[in-house]
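If you want the working numbering, it's the 1-based position in the sequence shown plus 1.
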Amino acid sequence: MDLRSRLSTLIAVRVVVSTLLLGSAILIQLNRPGAFPIDPFFFLIGLTYALSVVYLATLRFVNRYPWLADAQLGADALLVSGFIGLTGGIVSYFSSLYFLPIIAASTIRLRRGALQVAALSALLYLALVSAQYLAIFPDWLGGRFLELPARRVAEYTMAINVFGFVAVALLSGSLAERLRSADARLVDASHEIEDLRAFNEYVIDGLLSGLVTTDAGGRVLTFNRAAAAITGVPAEQAIGQDANEVLQLPAGVRTQLTTLVQTRSLRIDVEYRAGDGRLLDIGLMVTMVAFPNGRSGYLYTFQDVTELKRLERNARLQQRLAAVGEMAAGIAHEIRNPLASMSGSIQVLRQELPLSREQAQLMDIVLRESERLNDTIRSFLAYARPQKFAVARLDLGKVVQDAALLLRNSSEAGAAHVVDVHVPPEPVWYEADENQIRQIVWNIASNGFRAMPQGGRLLLSVETDGASAPDEVVLSVQDDGRGIPAEELDNIFQPFRGSFERGTGLGLAIVHRIVSDYGGVIQVSSTVGVGTTVRVRLPVRAASGVAVAAMPGAPGLGGVSR
């Protein structure tokens, strides 16, 4: 409570006391006329009311001018002195009224203010009694109305009263200071409790797991932000509802909750139908809790494990597919041995046996198909088996130029085919397995050649534009071939989806696997009848198991242009 509020209370108390004194004086005057001078008494009461009005008018200034409070307390001591003088001075029964301004001063100014008012009250009281015995104001101070006691009795009475003033000042001031200190500690404790409460709410609302507390009957008491986000049920709607209904727990789970007294906790996975129709997998744990009031309840913590369950299912599927792939690779490897024996035997028979023209053609078909089957098995093994990496520093520009040279001199290149290369003049250093990078460029470029059976331009390039993406390099192959229909673009990297007569259908699948191992991506843009552009984006630092990074100080490793 500030100074202005305390003074407002003091003014109200002062008016109440003045009113009680006025009423008492009127009753005494009615019952015993002439018992004491009534006119000055009424004057003091009226003066008290007038001063109260002045105090109210100056109340708004007390926080700026605290001495106004001291002036009020001093005026109270003067008014009390006047009242005691009117009621007999040394023989007045109202000497204890001095305690009122002293106590008031302790509540407003603490011990220091109480002692100051006590000292002023003692001086006024001593001056009042001295004036009585010196007959300075005989008409006022008992010279006409009362018989004064002996001086020794008066001295004793004054000493007792002054001692009382000081004692009350010390006691009330000490109590006021303790009360003020207790109030300050209470305010600090309230702030700490409020901060702790806000912190607890912040922590609970910051949890990624849903948290719900209920009473013993299962009615929701708290419902944190994560619980509302997972279930789609607003917290204000869930409060007071049955938690089993809100969380859509099956009847069997509700029965198990009755056993928590022995087991203390229950861990289950349940399905939850969200408000938007999605079916979620919820991992839920229920625990019994004891509240501070001695009652018990339940604590529900849960998470949306839908994505985790999906990843687990995919992992199990990948494990089964890996086992099948390993088995298929083993079978393919075993097929190659008898296939090689059969091919060699047929070649020997063709050379040693006298064959007709038709029989020779059949032998050639068998040999040709055996070689094609062997190529398919070789490509399948390259795709299915884990590959060993021989990571080294290499110049991507040189790799592309070597691939272009081989393409120009390959059996598939005709007079109408043109192979161009666009690489930066400085080396483009990269950390990778050189054979795998050559295989990426060769397989994509070979498909570009096959897409241009009548001839066309094939452009191989390495892009190193640092303004776009400083953490990757791009290998591009662009052809003027027949293009790929839009509906087939998503399937070109699937195994055995090749559309060319010559080929195993595994070339692009192998490219996709190698690029994925390096943490890269492949972008394909194609227009039917115009051509196809394939961009292989390789990160400077690989994201999946392969140590791929630019050598320190290697030039040209900036971003790529799009």
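Just so you know, even glycine gets a beta-carbon here, dropped at the ideal spot from N, CA and C.
ask   = Is the distance from the Cβ of L395 to the Cβ of A433 below 8 Å?
value = yes
key: Neighbour-count burial assignment, A452, 16 or more Cβ in a 10 Å radius   = buried
message = Let's test the definition: count the other Cβ atoms within 10 Å of the Cβ of Q479 and tell me whether it reaches 16, buried, or not, exposed.
response = buried
ask   = Smallest Cα separation from I485: which of N448, R514, H513?
value = N448
task = Go ahead and pull the three-state DSSP assignment for D472.
result = coil
ask   = By a C-beta neighbour count over all protein chains shown, 10 Å radius and 16 as the cutoff for buried, is E464 buried or exposed?
value = buried
inquiry  = Out of A177, L121, V18, L125, which one is the CA nearest neighbour of R7?
reply    = A177
ask   = Which of helix, strand or coil does DSSP assign to R483?
value = coil
request  = State the DSSP-derived secondary structure class of R296, mapped to helix, strand or coil.
outcome  = coil
ask   = Just curious, the beta strand (DSSP E) that T465 is in, first and last residue?
value = T465 -> no beta strand (DSSP E), and no H or E assigned at all.
query = Nearest to V287 by CA position, among G345, P355, N201, L267, is which residue?
reply = L267
Per-residue DSSP class, three states only, for G144 = Low confidence applies here, because G144 scores a pLDDT of 43, under 50, leaving its location unreliable and the question unanswered by this model.
key: Within 8 Å, strictly: CB atoms of E473 and R538   = yes
ask   = What is the DSSP secondary structure of S411, counted as helix, strand or coil?
value = coil
ask   = Alpha carbon to alpha carbon, how far is S9 from V213?
value = 48 Å
query = Below 8 Å between beta carbons: does that hold for V429 and Q402?
reply = no
ask   = Taking C-alpha atoms, which residue in L48, V234, S527 lies nearest to D277?
value = V234
Classification of P102 by the beta-carbon crowding that lies within 10 angstroms, buried from 16 upward = buried
request  = Report the option in V535, A70, V92 whose CA atom is closest to the CA atom of S462.
outcome  = V535
request  = Compute the distance between the beta-carbons of A123 and V163, then report whether it is under 8 Å.
outcome  = yes
task = Return the CA-CA distance between Q73 and F100, expressed in angstroms with no decimal places.
result = 15 Å
request  = State yes or no: is the C-beta of A217 within less than 8 Å of the C-beta of G298?
outcome  = yes
request  = Please check the pair H418 and G456, which I expect to be a contact at CB under 8 Å, by giving their CB distance rounded to whole angstroms.
outcome  = 5 Å
ask   = Can you tell which of F95, D365, L4 has its C-alpha closest to the C-alpha of V18?
value = F95
request  = List the residues that DSSP assigns as beta-bridge partners of D270.
outcome  = G284
ask   = Residue range of the beta strand (DSSP E) that F95 falls in?
value = It is not in any beta strand (DSSP E) - F95 carries neither H nor E in the DSSP assignment.
query = Is F494 helix, strand or coil by DSSP?
reply = coil
request  = Taking A151 as the reference, give the member of V204, L197, I91 with the closest Cα.
outcome  = I91
request  = With Q440 as the anchor, note down where its alpha helix (DSSP H) starts and where it stops.
outcome  = 435-451
ask   = Leaving out five residues before and five after L356 in sequence, what residues of the same chain have Cβ atoms less than 8 Å from its Cβ?
value = M364
message = Could you pull the DSSP bridge partners for F164 from this structure?
response = Paired residues: none, contrary to the question.
ask   = When you compare only the Cα positions, how much space is there between A51 and L171?
value = 31 Å
task = Check A244 in the structure and name its three-state DSSP category.
result = helix
request  = Determine which residues share a DSSP beta bridge with W430 and list them.
outcome  = D396
Selection from R179, L208, V63, V516 that minimises the alpha carbon distance to F303 = L208
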